[in-house]
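Below is one structure, written out as structure tokens; the observations come after it.
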Amino acid sequence: DTAVSQTPKYLVTQMGNDKSIKCEQNLGHDTMYWYKQDSKKFLKIMFSYNNKELIINETVPNRFSPKSPDKAHLNLHINSLELGDSAVYFCASSHSGISGANVLTFGAGSRLTVL
Amino acid sequence: SQQGEEDPQALSIQEGENATMNCSYKTSINNLQWYRQNSGRGLVHLILIRSNEREKHSGRLRVTLDTSKKSSSLLITASRAADTASYFCATDAGTSGSRLTFGEGTQLTVNP
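Sequences listed follow chains A and B, in order. Residues in the first sequence are numbered from 1 upward in steps of one, following our numbering. Residues in the second sequence are numbered from 1001 upward in steps of one, following our numbering.
Written out as structure tokens, the structure is:
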């Protein structure tokens, strides 16, 4: 009954490889996000989708490609992994109600280590 | 650019004491939120305060917002060892397609 679930929780891979992280939410939210948290715990938004449409695309290398097959899923594919991609990636979701308040529900995170 | 900045970066107190964390931001906001992150876990929403509110309470949490100074504080009263976590403020500009912009976080350690 996990609200926002992401897989895998841990990912260790070599430089140059391609990897994907999957995210699913069962909250009925219409907006989903990917955030990156670095080693200093700084959390930065990468992408946001609302009803499968990309609405936020921060300055992220085009090696990162999100994909939202439906509003309950938001996956992140990373090509040609680099050492600097090592971080914890968090998926989150929210409901964009008329109140205008985006309260986020986060997944547990996916720790990516690039060797 | 980073919206929220928090201080202190780290705070260590004894159980039973109060903990106060501060957050400053740069641009106009619709609301400000506080989140907690336990080690190795995702962030959990604690409390939201709107730009037209000055103070809000939830259990042992008290949040204040001063929009003239563009700052907020989170007070945790009667702290417990289980309150040990990182605390983040996040600002929401409230416009269409807006995003939460997080501060750098305060690492709170409550010693038993």
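Note that CB positions come from ideal geometry on N, CA and C, so glycine has one too.
Just checking my contact of residue i with residue j at CB under 8 Å: how many whole Å lie between their CB atoms?
i: V60/A; j: E82/A; result: That belief does not hold up - the Cβ atoms of V60/A and E82/A are roughly 13 Å apart, past 8 Å.
i: Y1025/B; j: K1056/B; result: No, Y1025/B and K1056/B are not in contact; Cβ-Cβ is about 17 Å, not under 8 Å.
i: V103/A; j: H1045/B; result: 5 Å
i: R63/A; j: S80/A; result: 5 Å
i: L1074/B; j: L1061/B; result: 7 Å
i: L74/A; j: S68/A; result: 5 Å
Residue i bridges to which residues according to DSSP?
i: V114/A; result: T13/A
i: H1045/B; result: Y1035/B
i: H73/A; result: E24/A and D70/A
i: M32/A; result: Y49/A and S93/A
i: A1090/B; result: Q1033/B and F1102/B
i: R1062/B; result: H1057/B and L1075/B
i: Q1014/B; result: N1111/B
i: A1019/B; result: I1076/B
i: V88/A; result: Q37/A and R111/A
Comparing alpha-carbon positions, which option in the options lies nearest residue i?
i: Q1107/B; options: L1032/B, D1083/B, T1091/B and L1061/B; result: D1083/B
i: E1104/B; options: L1075/B, L1048/B, V1063/B and M1021/B; result: M1021/B
i: E1053/B; options: N1111/B, S1072/B and V1110/B; result: S1072/B
i: I1013/B; options: T1101/B, A1081/B, C1089/B and R1099/B; result: A1081/B
i: S5/A; options: C23/A, D18/A and T13/A; result: C23/A
Would you check if the distance between the CB atom of residue i and the CB atom of residue j is smaller than 8 Å?
i: E53/A; j: I45/A; result: no
i: S48/A; j: Y33/A; result: yes
i: Q37/A; j: F90/A; result: yes
i: T1091/B; j: L1032/B; result: yes
i: H29/A; j: S86/A; result: no
i: S1079/B; j: Q1037/B; result: no
i: T31/A; j: S96/A; result: yes
i: K92/A; j: K9/A; result: It should be pointed out that residue 92/A corresponds to Ala in this sequence rather than to Lys. Contact: no.
*Identify each residue in the segment 1048-1080 of chain B for which the Cβ-Cβ distance to at least one residue of chain A is less than 9 Å, and report them in chain order.*
Listed by position along the chain: L1048 and R1050.
*In the segment 1034-1048 of chain B, which residues sit with their C-beta less than 9 Å from some C-beta in chain A, listed in chain order?*
Y1035, Q1037, G1040, R1041, G1042, L1043, V1044, H1045 and L1048
*In the segment 37-52 of chain A, which residues sit with their C-beta less than 7 Å from some C-beta in chain B, listed in chain order?*
Of all residues in the segment 37-52 of chain A, K41, F42, L43, I45 and S48 have a Cβ within less than 7 Å of some Cβ in chain B.
_Selection of the segment 77-88 of chain A by Cβ proximity to chain B, strictly under 7 Å_ = none
*Quick one: which residues of the segment 9-21 of chain A get their C-beta closer than 7 Å to a C-beta of chain B? List them in chain order.*
The residues in question: there are none.
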